[in-house]
Amino acid sequence: GRARGAPGAYSGPGFRVVRCFPGMPRREADRAVEDGRVTVNGVVVAPSWRVMSGDLVKMDGKLSQWEAMAEAAEGRVAETPGGTFKFKYLKYYKPTGVACTTDVNDMSSLMHVAALSQLFKSSKERFFPIGRLDKDSHGLVCLTSDGRVADALLQPRRKTAKEYRVMLSREPSDEDLEELSNGVVITTQQQRGVAKDVTARTRACVVERWAEGKGAPQRHEERAEAVVDQDEEEPDAEPEA
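Each residue of the sequence shown is one higher than the one before, starting from -15 at the first, in the numbering used here.
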């Protein structure tokens, strides 16, 4: 830990201990804390424990340098001994078959992509994707070491509008568009605590019909907020693996 007020020290009101291990998927960090592998100032704590500046956080006896990362995750650019904390932003065009996670145990994850694996291995910074694309989809994925960006774009409390452009296999009717705009029922995996499927209706959204060029297929634009309401207490810089 760092002395309170020292360069790179955490200055927030309390940081969840399970978030002090950026190289580990959230559920795995939860399990590590629950199993008693994590100590704060020599004491085993619960996953809900919040650490403060100067606290010594260890997993399996290894010290976590968590404070500068916590500052960044909560929107403050921490000062480091070498100067200002610098962030990086990367663009990656994801092909189908790649999962938008940083789970080293998943051979289809970003950690094992040839174009990115060396970055993850050699960099002292933690990179993670901002949001996800489904494994069977392709497109641009942004990766960063800046937790503020993920928080600003992904947290439900921010109410950031999301836009989806979809090409359909057939011409949708007005009734189809009305049904979509009222929300659809989907099943997704809960990202916190015990992994389980959650079924819920998406929020109402705006659906618009649009086309590109003469003879182009009709496309339909959907704008919506978060698909399923989630716990807003803790901003997660990194999506769950």
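Quick reminder that beta carbons are idealized off the backbone N, C-alpha and C, glycines included.
Treat the numbers as computed from the prediction; the structure is a model and nothing was measured.
So is residue i buried or exposed if we call it buried at 16+ other beta carbons inside 10 Å?
i      : result
Ala54  : buried
Ser106 : exposed
Met8   : buried
Gly131 : buried
Val22  : buried
Whose CA, out of the options, lies closest to the CA of residue i?
i      : options                        : result
Asn25  : Ser101, Thr144, Ser48          : Ser48
Thr186 : Lys180, Trp194, Val169         : Val169
Ser32  : Leu161, Asp39, Phe(-1), Val133 : Phe(-1)
Val35  : Lys46, Arg10, Val1, Asp14      : Val1
Val133 : Tyr73, Lys46, Asp39            : Tyr73
Met151 : Met91, Trp194, Thr144          : Trp194
Leaving out five residues before and five after residue i in sequence, what residues of the same chain have Cβ atoms less than 7 angstroms from its Cβ?
i      : result
Leu94  : Val82, Cys84, Thr85, Thr86, Leu100, Pro113
Arg142 : Ala136
Cys4   : Val35, Val41, Ser48, Trp50
Residues in the same chain with beta-carbon distance under 6 angstroms from residue i, minus the five sequence neighbours each way, listed in chain order, please.
i      : result
Lys119 : Ala83
Val28  : Gly20
Phe111 : Leu127, Ser129
Spatial neighbours of residue i within its chain, please: CB distance less than 8 angstroms, with the 5 preceding and 5 following residues excluded, ordered by chain position.
i     : result
Thr80 : Lys119, Asp120, Ser121, His122
Helix, strand or coil: how does DSSP classify residue i here?
i       : result
Glu192  : strand
Leu117  : coil
Ser(-5) : coil
Met91   : coil
Leu127  : strand
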